[in-house]
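Following: one structure in structure tokens, then a few remarks.
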Amino acid sequence: MNCATVIKPDYEPNVETCVEIMTEQFNIKNLVNGAGALQTLGDMNRSVASVEYDSRRVAPGSLFVAISGFRQDGARYIKDAIDKGCVAVVSEKEPLAVQAELGGNKDIALIQVQDARQALACISSNFYNNPSNRLALTGITGANGKTTTAYLMESILREEGKRAGVIGTINYRYADTIIPAPVTTPESLDLNRLLQEMTSRGVSHCVMEASSHALYLKRVWNLDFEVGIFTNLSRDHLDFHESMENYKSAKKLLFKANNVKKAVLNLDDPVGREIQQELNIETIGISLNGPADVTAEDIQRKDNATHFTLKTPWGSVAMQTALLGAHNLQNILSAASAALLQGISLETVARGIGKVENVPGRFEGVQEGQKFLVVVDYAHTDDALRNVLEAARQLTSKRLIVVFGCGGDRDRGKRPLMGSVALKLSDCAIITSDNPRSEDPESIINDIVEGMTIELKQTRRHEIIVDRKQAIQRAIELAEEGDLVLIAGKGHEDYQILKSGTIHFDDREIARNAIHRRLQND
805 MNCATVIKPD
815 YEPNVETCVE
825 IMTEQFNIKN
835 LVNGAGALQT
845 LGDMNRSVAS
855 VEYDSRRVAP
865 GSLFVAISGF
875 RQDGARYIKD
885 AIDKGCVAVV
895 SEKEPLAVQA
905 ELGGNKDIAL
915 IQVQDARQAL
925 ACISSNFYNN
935 PSNRLALTGI
945 TGANGKTTTA
955 YLMESILREE
965 GKRAGVIGTI
975 NYRYADTIIP
985 APVTTPESLD
995 LNRLLQEMTS
1005 RGVSHCVMEA
1015 SSHALYLKRV
1025 WNLDFEVGIF
1035 TNLSRDHLDF
1045 HESMENYKSA
1055 KKLLFKANNV
1065 KKAVLNLDDP
1075 VGREIQQELN
1085 IETIGISLNG
1095 PADVTAEDIQ
1105 RKDNATHFTL
1115 KTPWGSVAMQ
1125 TALLGAHNLQ
1135 NILSAASAAL
1145 LQGISLETVA
1155 RGIGKVENVP
1165 GRFEGVQEGQ
1175 KFLVVVDYAH
1185 TDDALRNVLE
1195 AARQLTSKRL
1205 IVVFGCGGDR
1215 DRGKRPLMGS
1225 VALKLSDCAI
1235 ITSDNPRSED
1245 PESIINDIVE
1255 GMTIELKQTR
1265 RHEIIVDRKQ
1275 AIQRAIELAE
1285 EGDLVLIAGK
1295 GHEDYQILKS
1305 GTIHFDDREI
1315 ARNAIHRRLQ
1325 ND
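This is the structure we're talking about:
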């Protein structure tokens, strides 16, 4: 065994992480085993000190995998990697062609593969000794609910006394390490490194959100999962996937492109039923609306909590949760089922779920002594906005005021859908900016307004305030005793992406400041 230094990825942890990982002494031939090599050229027995897909991080002894990114083709940086001392290059180009481009340099091992991203996933797993096989990994995919389900699973595992890690939208965390998450699911090299770090720190279970982007781009290709969870499918990310069929196919890759032992499927969603028919592994179906393996009965809301009986093949148990709404009940059923499939008792499941009071940016309350409710939520699709508005309606008999917008440079088709949902289910909708990115915020808002029928527009129950800070302040000013203000779209995010760049912006922070001013002036 030797100690290989791991180069830190683009994100920086806010606490020290373990950067030295014990790995076997790998040569090139061992590392590319299973990576789908088509041709090789050069000495395949040379030792490899590290694996990199970013040429800027290459060091002497590295193996460089040239993958195509969204903006750059990694093959353009092969020479840079070689100049920095790499001993091998994996790419989709023919070795002789690469060698010719390098002026006939024969000191570098060249490996051609059909799919560089898939090869990177395989090589990364080899380099870190297949870490997904050395802990109990739960993967969660779906349009909505991934983060909440992950938090519920983490709480259950902790209640069981397990050391749990989480990789997801809000952050990557394990032991005493917390790393801000630049993306929901990291690149395969970074992902395998994280899993290896977890095992080295005594983590026995990991819960991972698997985004559709990551599944399509093979970041989680061929991992070993104890349980895979499908939450739901609704319109999102069509700027990337182009069609709902492609989006659905990407979600299915969690089960089709990995080694998943057992599956938890939401049968209230037709795609969940479809996946169940396609799998040849043990599955647990969850439902609130029909027959299933795991269901919730005797559902009651009292004292700002939801009480119900969880019915499962392992028995039934009374449960209480601070999380509201049918969508959160589905998340609870999914997390409970995944835990039960891993041998955790009903009683432990109930205690673990009961301890989750809130999830950052997911129906998160902002309470500063005001006589009305303020809630911040990440809902940024029409289905998610519908769910959270319906949950919010349960909490007030007075007015429901919603502040929301839509992201720029993303699927335009969901904008009018969100506009329609917001105005139908709220008493007052304030339409504003989200993360406009390179787009004109007013143009985005115009797309949202298109979803409102003439009748809805004539009710004059909506306002347009382009500046998000001013929109939130306006909602706080409008609120009266007993009302509920829902600020949707950004949730836990503490930034806003504008054409001019990224600025600090936290809906919760803006809301608190607006409430303080309101209280001072009242």
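Numbering-wise (my numbering), the sequence shown opens with residue 805 and increments by one.
Where is the CB? At the ideal position from N, CA and C, for every residue including glycine.
Taking the Cβ atom as the reference point for each residue, do Q916 and P899 lie within a distance shorter than 8 Å? Taking C-beta atoms as the reference points, Q916 and P899 count as a pair closer than 8 Å.
Give every residue of the same chain whose Cβ lies closer than 6 Å to the Cβ of S929, excluding the five residues on either side of it in the sequence, and list them in chain order. Within the same chain, S929 has close Cβ partners N996.
Our contact map puts G1305 next to D1238 with C-beta atoms below 8 Å; I'd like the distance itself, whole angstroms only. Actually they are not in contact, since the Cβ atoms of G1305 and D1238 sit about 16 Å apart, beyond 8 Å.
Measure how close the beta-carbons of L1019 and F931 come, nearest whole angstrom, since I'm counting them as under 8 Å. No, L1019 and F931 are not in contact; Cβ-Cβ is about 21 Å, not under 8 Å.
Sorry if obvious, but does the Cβ on G1129 come closer than 7 Å to a heavy atom of the ligand GTP? With respect to small molecules bound, the structure shown includes none, and the ligand GTP cannot be examined in it.
Please list the segments of the beta strand (DSSP E) lying wholly inside the region 929-959, counting only runs of 3 or more residues, in order along the chain. Runs of the beta strand (DSSP E) lying entirely within the region 929-959, each at least 3 residues long, are 940-945 in chain order.
Bounding residues of the alpha helix (DSSP H) (the contiguous stretch that carries R977): Taken as a continuous stretch (DSSP letters only), R977 belongs to no alpha helix (DSSP H), being part of the beta strand (DSSP E) at N975 to Y978.
Cβ neighbour criterion (16 or more within 10 Å) applied to R1038: For clarity, residue 1038 is Ser in the given sequence; the question names Arg instead. Its Cβ being crowded by 16 or more others within 10 Å, S1038 is buried.
Would you decide whether E1101 is buried or exposed? Buried here means 16 or more other CB atoms lie within 10 Å of its CB. That one is exposed.
Classify F1059 as helix, strand or coil using the three-state DSSP reduction. In this structure, F1059 counts as helix in the three-state DSSP scheme.
Cα-Cα separation between E820 and T1003, rounded to whole angstroms: Because E820 carries a pLDDT of 36, less than 50, the predicted location of this residue cannot be relied on, and the following value inherits that uncertainty. The C-alpha of E820 lies about 16 Å from the C-alpha of T1003.
Flag this pair as yes or no: are the beta carbons of L1189 and A1196 separated by less than 8 Å? No; because the gap between Cβ atoms is not below 8 Å, this pair is not in contact.
Using a Cβ-Cβ cutoff of less than 6 Å, which residues in the same chain neighbour G1032 once the five nearest sequence positions on both sides are dropped? The answer, listed in chain order, is G943, L1058, F1059, V1064 and A1067.
Whose C-alpha, out of I1235, L1027 and S959, is nearest the C-alpha of A1327? This structure leaves residue 1327 out entirely; the chain is present only between 805 and 1326.
Ignore the nearest five residues each way along the sequence and tell me which others in N1093's own chain have a CB closer than 8 Å to its CB. Hits under 8 Å: D1072.
Restricting to Cα atoms, I'd like to know which of A1109, K897, C1010 and N1036 is closest to I1157. Among A1109, K897, C1010 and N1036, the Cα nearest to that of I1157 is on A1109.
In whole angstroms, what is the alpha-carbon distance linking T988 and S1015? Distance between the alpha carbons of T988 and S1015 is about 6 Å.
Of the residues S866, V862 and N934, the one placed nearest N837, counting alpha carbons only: For the residues S866, V862 and N934, the minimum Cα distance to N837 belongs to N934.
Put Q918 into one of helix, strand or coil per three-state DSSP. Taken through DSSP and simplified to helix, strand or coil, Q918 comes out as coil.
What is the rounded straight-line gap between the Cα of I1249 and the Cα of V1270? In this structure, the CA atom of I1249 is about 8 Å from the CA atom of V1270.
So G889 packs on G865, CB below 8 Å; how close in whole Å? Right, their Cβ atoms sit about 7 Å apart.
At the level of alpha carbons, what is the spacing between S992 and T1236? Using only the alpha carbons, I get a separation of about 36 Å.
Taking the Cβ atom as the reference point for each residue, do V1075 and K1106 lie within a distance shorter than 8 Å? Their beta carbons are not under 8 Å apart, which means V1075 does not touch K1106 by this criterion.
Complete runs of the beta strand (DSSP E) confined to the region 1175-1249 [at least 3 residues]: Residue ranges of uninterrupted beta strand (DSSP E) with 3 or more members, entirely inside the region 1175-1249 and ordered along the chain, are 1177-1181, 1204-1208 and 1232-1235.
Please work out which residues of its chain come closer than 7 Å, Cβ to Cβ, to D1231, disregarding the five sequence neighbours upstream and downstream, and give them in chain order. So the list reads R1203, L1204, I1205 and R1265, once near-sequence residues are dropped.
K883 versus W1118 - alpha carbon distance: For K883 and W1118, the gap between their C-alpha atoms comes out near 59 Å.
Are the beta-carbon atoms belonging to K1159 and S959 less than 8 Å from one another? At the C-beta level, K1159 and S959 come within 8 Å of one another.
Under three-state DSSP, which class holds C890? Look at C890 here: in three-state DSSP terms it is coil, with no helix or strand label.
Do you know whose CA, among A892, D877 and V862, lies nearest R850's CA? Per the C-alpha coordinates, the member of A892, D877 and V862 positioned closest to R850 is A892.
Using the three-state DSSP reduction, which class does V1075 fall into: helix, strand or coil? Helix at V1075.
Three-state secondary structure (DSSP) at K1303? It is coil, neither helix nor strand.
Sort out for me which residues DSSP pairs C1010 with in a bridge. The bridge partners DSSP lists for C1010 are L941 and G969.
Given a cut-off of 8 Å, decide if H1320 and E1172 are closer than it, judged by their beta-carbon atoms. Yes, these two residues count as a Cβ contact at 8 Å.
Rounded to the nearest angstrom, what separates S872 and A879 at their Cα positions? Taken atom to atom, the span from the alpha-carbon of S872 to that of A879 is near 8 Å.
Close Cβ partners of H1111 (< 6 Å) along its chain, the five nearest in sequence each way excluded: Non-local beta-carbon contacts of H1111 in its own chain, meaning distances under 6 Å to residues more than five positions away in sequence, involve Q1104 and Q1124 in chain order.
Given a cut-off of 8 Å, decide if A1315 and H1180 are closer than it, judged by their beta-carbon atoms. Sequence check: residue 1180 is Val here, not His. It is a contact, given that the beta carbons lie within the stated cut-off.
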